[in-house]
Amino acid sequence: MTLFAKPLAQQRPTEIALRDEDRALTWAQVDDILNRAANGLHQQDLGAQRRVAVFAENAVETGLANLAGLIAGASVVPVNFHLTAEEVAYILTDSDTRVLFAGPATLERALAAAAQSNVHTVIAWGDTEGTDAVAWEAWLADSDGNEPPGDIPPLPNLLYTSGTTGRPKGTELPPTMFAGGATVNEHLTNLGADPRSEQGTHMVVGPMYHTGPLSGARLLAAGVCSVILNRFDAEKTLRAIQDYKVGNSVMVPTHFVRLLALPDEVKAKYDLSSLIRISHTGAKCPVDVKRAMIEWWGPVFLDAYGASEVGTTCMITSEDWMTHPGSVGQAVPPFEAMVLDDDDKPVPPNTEGRLYFKDATGRGVVYHNDPEKSAAAHIAPGVFTLGEIAYMDEEGFVYITDRFSDMVVSGGVNLYPAEAEQVLIEHDAILDVACIGVPHPEMGEELKALAIVKPGVGQPDANEVLDWCRERLSRYKCPRTIEFVEDLGRNTMGKINKRKLRAPYWEGAA
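For what it's worth, this note's numbering labels the leading residue of the sequence shown as 1, then goes sequentially.
This is the structure:
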C-alpha cells in the first residue's frame with residue numbers, strides 16, 4: 001500500500017500494526033496483504049459500479065477487506081452480519097455487487113445470497129473446504145504482491161440502513177465522511193490529515209457495517225495502529241485500552257451503560273490515561289450516563305450527532321456539554337440547524353418543534369436508485385430532517401426531546417418498525433399491528449409490538465408469535481415484546497399516531 005503502510009513496513013517491519021483478539025499483524029504483513037488483496041480485486045470483474053461487499057463479523061480480515069476495496073478503487077458495501085440470506089441477496093442485487101467477502105459465521109448465508117444475485121465470487125476466511133468459496137489465504141497467495149496503482153479515483157462506500165417501507169435503502173458515504181481526492185493516493189493523503197491520525201492507537205469497538213466504526217478502521221490506511229474487538233465486552237474494552245495504549249475510539253451510549261455497570265473494583269483495575277478522544281454517536285446519550293463517563297474518563301468525549309446519509313450534523317465537546325448538559329451540540333458546516341413548527345415555520349429559541357438541517361452544498365439526503373425517496377426526505381432543496389423533535393437555545397445548542405419519525409434507535413442501531421410490521425401482519429392470528437420504541441435501561445429503547453387479534457381466533461402465545469417473526473426476519477429487527485390490544489387508534493385515513501402510542505410507556509422515563 002502506498003504512502004503510509006509502505007514506509008512503516010520498511011522502517012518498522014516488525015511493529016504490530018493491526019490486531020484482533022486472535023491474531024496480530026506487523027506493518028510489513030499489512031502492507032503485503034493490502035497489496036495482494038487490492039491487486040486481486042483489480043483482476044476481478046467488479047461491474048460498472050465497481051462494487052464489492054463485506055459480510056463478516058469483526059476481525060482483522062474484515063478490516064483488511066474493507067481497506068483493500070478502497071485501495072482498489074472499488075465501492076465497498078458493508079453488510080450487517082446479522083442479516084438473513086434473503087436480506088443480504090436484496091442488498092447485493094440492489095447494489096450490483098460482484099465480489100463478496102465473508103467470514104466463518106456468515107459463509108453459508110453469503111453463498112446462498114450470492115446465488116440469488118450478480119455476485120460471481122465469494123472470498124472467505126476460515127474453513128472453506130467443500131464450499132464454492134475461494135479461500136482468503138489462497139486468493140492472497142495467488143495475487144500480485146507489488147504496489148497497486150494509486151492513480152485511480154477512490155469510490156465511497158454504499159451503506160444500507162433499514163427501510164421505512166420494509167426494504168433497506170442504500171446511500172453513498174456522504175462527502176462529510178469521505179476523505180475525497182482525485183486519486184487513491186490523494187485520498188490516503190487526506191486520511192493522514194484526519195485529526196485522529198495523531199491521537200494514538202485506534203480501537204474498533206462497534207461492528208464495521210456501521211459508519212462510525214468503519215471510518216475508524218480506515219485510519220489504518222493513515223498509518224494508525226489499530227485494535228479490533230471481535231465483540232463488545234466491557235472489561236475486555238478496558239483491558240485493551242490499557243494494554244495497547246488506545247488513544248481514540250468510536251462508541252455508542254449502550255457501550256457506556258455497560259461499562260458503568262462494571263463493579264467499582266473492576267473499573268479501578270485499568271489504566272486509561274492514554275485516552276485522548278472518544279467519539280460517540282448512534283443516539284442521544286442520557287445525561288446521567290454522559291456525566292458519569294466524563295467523571296470517570298475525563299473530558300475526552302466528542303458527541304457526533306447525525307446519520308449515515310449525511311454524516312455529522314451537530315457536535316459537542318465534553319467541556320461544552322458540561323455547561324449545556326443534554327445537548328447534542330451546535331450544527332457544524334456545511335449544516336445549519338433549524339427548528340420548525342408543523343407549518344414549516346421557524347419557532348423561537350427554547351421552543352420545541354421539528355428539527356431540520358439545511359445543507360449549504362445543496363446535497364442533503366441522497367438514496368441509491370431512489371430519486372423519489374431522496375426528494376421525499378426534504379421540505380426544500382438541501383433541507384432535510386432526521387425525524388427528531390428538539391429545541392435550540394439562544395447559542396444554537398440543540399436539545400433532542402422526542403422523535404416524530406417511526407425510527408427506533410436501540411443500542412445505536414436504527415430500526416424501522418415497518419419491517420417487523422410487514423412480517424407480523426402475515427401471522428394467522430393478527431388482524432392489525434404497530435411497532436413502537438419503548439424505554440430500555442441498557443439499549444436506550446427497544447422495539448415493542450402492539451397487536452390486535454383476529455375475531456374468533458383466540459389470543460396466541462406471545463413467545464410463539466415472536467419466534468415466528470424471528471424465523472422470517474433478522475432477530476435484531478424483531479420486537480422484543482408483544483402486547484395484545486383492542487385498538488391502535490387508526491384515524492379515518494388509516495394512519496396511526498405512533499407518538500400517542502409511545503407516550504404511556506415513556507411517562508417518567510429519563
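Don't be surprised by glycine CBs; every beta carbon is placed ideally from N, CA and C.
Here the structure is a predicted model, which is why all the values come from computation and not from measurement.
Item                                                                                                                                                                                     : Value
By the DSSP assignment, the alpha helix (DSSP H) with residue 336 in it spans what residues?                                                                                             : From DSSP, residue 336 is part of no alpha helix (DSSP H) but of the beta strand (DSSP E) over 335 to 340.
Which complete beta strand (DSSP E) runs does the region 216 to 293 hold, if anything under 3 residues is left out?                                                                      : 226 to 228, 246 to 251, 277 to 280
Just list the beta strand (DSSP E) runs in the region 15 to 74, keeping only unbroken ones of 3 residues or longer that don't cross its boundaries, in chain order.                      : 16 to 19, 24 to 26, 51 to 55
Around the Cβ of residue 13, are there at least 16 other Cβ atoms within 10 angstroms (buried) or fewer (exposed)?                                                                       : exposed
For residue 218, count the other beta carbons within 10 Å of its own beta carbon; 16 or more makes it buried, fewer makes it exposed. Which is it?                                       : buried
Check each candidate in 86, 244, 334, 250 and name the one with the smallest Cα separation from residue 167.                                                                             : 86
Need the endpoints of the alpha helix (DSSP H) that residue 450 sits in, please.                                                                                                         : Counting along the chain, residue 450 falls outside any alpha helix (DSSP H), though it belongs to the beta strand (DSSP E) covering 444 to 453.
So if DSSP puts residue 414 in a beta bridge, which residue, or which two residues, is it bridged to?                                                                                    : 409
By Cβ distance, which residues of its chain are closer than 6 Å to residue 435, with the 5 residues on each side in sequence left out?                                                   : 417, 420, 421, 447, 449, 479
Three or more C-beta pairs under 8 Å: does that hold for the region 182 to 197 against the region 330 to 349?                                                                            : no
Could you name the residues of the same chain whose beta carbon sits closer than 7 Å to that of residue 42, not counting the 5 residues immediately before and after it, in chain order? : 72, 148
Would you call residue 27 buried or exposed, if buried means 16 or more other Cβ atoms sit within 10 Å of its Cβ?                                                                        : buried
Please list, in chain order, all residues of the same chain as residue 373 whose beta carbon is under 6 Å from its beta carbon, the five residues on each side excluded.                 : 367
Give the range of the beta strand (DSSP E) segment to which residue 439 is assigned.                                                                                                     : 430 to 440
I'd like to check one pair, residue 261 with residue 280: are the Cβ atoms closer than 9 Å?                                                                                              : no
Where residue 356 and residue 326 are concerned, what is the direct C-alpha to C-alpha distance, given to the nearest angstrom?                                                          : 19 Å
Taking only three categories from DSSP, how would you classify residue 469?                                                                                                              : helix
On the DSSP letters alone, give me the boundaries of the beta strand (DSSP E) that residue 483 sits inside.                                                                              : 481 to 484
What would DSSP say about residue 85, mapped onto helix, strand or coil?                                                                                                                 : helix
Less than 8 Å between the CB atoms is what I'm expecting for residue 270 and residue 238, so what's the real figure, rounded?                                                            : 4 Å
Within its chain, find whatever has a CB closer than 7 Å to the CB of residue 236; leave out the 5 residues flanking it on each side and keep chain order.                               : 229
Where residue 119 and residue 242 are concerned, what is the direct C-alpha to C-alpha distance, given to the nearest angstrom?                                                          : 42 Å
According to DSSP, simplified to helix, strand and coil, what is residue 310?                                                                                                            : coil
Identify which residue in 89, 37, 55, 289 has its Cα closest to the Cα of residue 208.                                                                                                   : 55
Are the region 384 to 396 and the region 105 to 123 touching by the rule of at least three beta carbon pairs closer than 8 Å?                                                            : no
Please list, in chain order, all residues of the same chain as residue 505 whose beta carbon is under 7 Å from its beta carbon, the five residues on each side excluded.                 : 438, 439
Do the region 89 to 99 and the region 173 to 181 meet, that is, are 3 or more Cβ pairs less than 8 Å apart?                                                                              : no
Which residues in the same chain as residue 213 place their Cβ atom closer than 7 Å to its Cβ, once the five residues preceding and following it in sequence are excluded?               : 204, 205, 206, 207, 250
Note down, in chain order, each residue of its chain lying with its Cβ closer than 6 Å to the Cβ of residue 69, except the 5 sequence neighbours on either side.                         : 52, 76
Do you know how far the Cα of residue 37 is from the Cα of residue 123?                                                                                                                  : 11 Å
How many angstroms separate the CA atom of residue 135 from the CA atom of residue 128?                                                                                                  : 6 Å
Can you grab the Cα-Cα spacing for the pair residue 19 / residue 247, in whole Å?                                                                                                        : 15 Å
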